[in-house]
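Student: Under numbering that gives the first Met the number 0, the residues of the sequence shown are numbered 0 to 230, in order. Even for Gly, the Cβ is constructed at its ideal location relative to N, Cα and C. Note that the coordinates shown come from a computational prediction; the quantities given were computed from them, not determined experimentally. I'd like to ask you about the structure that follows.
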Amino acid sequence: MLDQLKKNLSAVRERINAAAQRAGREPESVRLVGVTKYVDAATTALLVEAGCTILGENRPQSLWEKSSELNDPQIEWHLIGHLQRNKVKRTIEVATLIHSVDSLRLLNAIQMSGSELNKTVRVLLEVNVSGEASKHGFAPEGLFAAIEQAGSLSHLQVEGLMCMAGLDGNADDARREFDTLRVLSEQHQANCPANVQMNELSMGMSGDYEIAIESGATLVRVGSALFAEIE
Ligand SMILES: *Cc1c(COP(=O)(O)O)cnc(C)c1O
């Protein structure tokens, strides 16, 4: 299984590098977040052994459980899915980056727990670029208020934006949505408060990460492509 994981990982990294080159970008400007929500802790440990050390989980509970089971300091854990306010405290104890901050109330809850733990929490603001009702995230028009709010919070560091492409869109739709996120980040860049930066764009999954990289992604969240051909 380790061999298969190494093979999958190097195939994904090659495609990341090729997409970056096509876009005239440095391959090092794109980081791979290995999404481990499909597999148990043992298989996750093998993925780390294969060389993938930034891991993403979409459920807070799974992130807590796996990070404590693996207890490996070389792993950087990212939360990529919806975070309920009552789960903030435990999550910020283990997560290096929360990709999925999707409401003003959550921003405030993170500030409160961050302050209790004396910790500055690194986050991305999730934007609902496809406009699908089932999707979390700030509406593009709501981003200004979110950034302003974040600017008033002492234990928060916003590093950029995150989105998911629409569920039933094609490649063109995905590209348009990723471009929308990049343009939003460029528009807000100039007027951000001191603790808000627009350095990161988390976008792209197994089916569309190459498109996302061509549109400027700095973090791609890839799950199923890493676990192909694994029983
Ligand atoms: C599951 C998930 C991914 C990875 O999806 P794949 O298509 O398996 O690569 C990326 N981002 C989020 C938020 C997810 O929940």
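Determine the extent of the alpha helix (DSSP H) in which Ile-15 is found, giving its start and end residues.
Tutor: 1-21
Student: Starting from Ser-67, trace the alpha helix (DSSP H) in both directions and tell me its first and last residue.
Tutor: 59-69
Student: Please classify Ile-212: does DSSP put it in a helix, a strand, or coil?
Tutor: In this structure, Ile-212 counts as helix in the three-state DSSP scheme.
Student: CB-CB under 7 Å to Glu-228, same chain, minus the five flanking residues each way: which ones, in chain order?
Tutor: Gln-3.
Student: Can you tell me which of Ala-173, Gly-33, Ala-22 puts its alpha carbon nearest to the alpha carbon of Gly-130?
Tutor: Nearest of Ala-173, Gly-33, Ala-22 to Gly-130, Cα basis: Ala-173.
Student: Could you pull the DSSP bridge partners for Ile-53 from this structure?
Tutor: Glu-75
Student: Quick check: Asn-7 and Leu-155, are their CB atoms within less than 8 Å of each other?
Tutor: no
Student: Buried or exposed for Pro-267, please, with buried defined as at least 16 other CB atoms from any protein chain shown within 10 angstroms of its CB.
Tutor: With the chain covering only 0 through 230, there is no way to say anything about residue 267.
Student: Output needed for Val-93: all residues of its chain with C-beta closer than 7 Å, excluding positions within five of it in sequence on either side, in chain order.
Tutor: Leu-62, Trp-63, Ser-66, Trp-76
Student: For Leu-46 and Glu-209, I'd like the C-alpha separation in whole angstroms.
Tutor: 21 Å
Student: Give a yes or no on contact between the stretch 186-202 and the stretch 148-165, applying the rule of three or more CB pairs nearer than 8 Å.
Tutor: yes
Student: Less than 7 Å between C-beta atoms, sequence neighbours within five positions excluded: which residues of the same chain meet that for Val-11?
Tutor: Leu-31, Val-221, Ala-224, Leu-225
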